[in-house]
Amino acid sequence: MTRVLVIGLDPAKLAGWDPEPVQAAIARGRARFDDHGIAADYCLVSPDERPEQAVAEALTGHTYDCVVIGGGIRTHEPLLELFERVVNLVRRHAPDAAIAFNSSPEDCADAAVRWLR
């Protein structure tokens, strides 16, 4: 079975955010993977809690066909260095996996499918 890892920010651990709408969007996005028959694991991190270690552990837990890196890590300028580290961790620990980028928590499956089919 095709397996994807989604790496993103944990909305429950971000100060000043109401996590519920984002958590609901993540749940809808997870359901889309099921619709495509793709196994999906999520690695949701907090920038303040050793995110690189969590990402490395997730990447080495399974073999992934694709890794989707979420917009929260990619587009928030103060997290640019974290984004760079995540990309390099993917290259190091999952060198055969495609790297995809989503535009929202709901379209993670679409981002992965672009590279899997």
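In this text, residue positions in the sequence shown follow the numbering used here: the first is 114, and each later residue adds one.
Virtual Cβ for every residue (Gly too), placed ideally from N, Cα, C.
Here the structure is a predicted model, which is why all the values come from computation and not from measurement.
In chain order, what residues of the same chain lie with their CB nearer than 6 angstroms to the CB of residue i, ignoring the 5 residues before and after it?
| i | result |
| --- | --- |
| S159 | D123 and K126 |
| F196 | I186 and R187 |
Here's a check: name, in chain order, each residue in its chain whose Cβ is nearer than 8 angstroms to the Cβ of residue i, leaving out the five neighbours to either side.
| i | result |
| --- | --- |
| H175 | R116, L118 and D154 |
| Q136 | P124 and A125 |
| W130 | P124 |
| T173 | H206 |
| R141 | P218 and E219 |
| R227 | A213 |
| A167 | C156 and V158 |
Return the Cβ separation of residue i and residue j in integer angstroms, given the expectation that the two are a contact with Cβ distance under 8 angstroms.
| i | j | result |
| --- | --- | --- |
| A138 | E219 | 5 angstroms |
| L157 | G121 | 6 angstroms |
Would you mind sorting residue i into buried or exposed? The rule is 16 or more other CB atoms within 10 Å of its CB.
| i | result |
| --- | --- |
| N215 | buried |
| A210 | buried |
| A171 | buried |
| L193 | exposed |
Starting from residue i, follow its DSSP beta bridges and name the residues at the other end.
| i | result |
| --- | --- |
| Y177 | In the DSSP output, where bridge partners are listed per residue, Y177 has none listed. |
| D154 | L118 |
| F79 | As shown, the chain starts at 114 and ends at 230. That puts residue 79 outside it, with no answer to give. |
Kindly list the residues whose CB is nearer than 7 angstroms to the CB of residue i, restricted to its own chain and excluding five residues on each side of it in sequence; keep chain order.
| i | result |
| --- | --- |
| Y177 | R116, V117, L118, A207 and A210 |
| A225 | V117, I151, C179, V181 and A213 |
| E165 | R198 and L202 |
| A169 | L202 and H206 |
| R242 | What the structure shows of the chain is the stretch from 114 to 230, and residue 242 is not part of that stretch, so it cannot be assessed. |
| P132 | P124 and A125 |
Thinking C-alpha only, which one of the options is nearest residue i?
| i | options | result |
| --- | --- | --- |
| D148 | G121, D161 and A222 | A222 |
| P134 | L229, L202, S217 and R230 | S217 |
| P191 | D161, W228 and L229 | D161 |
| F146 | R204, M114 and H189 | M114 |
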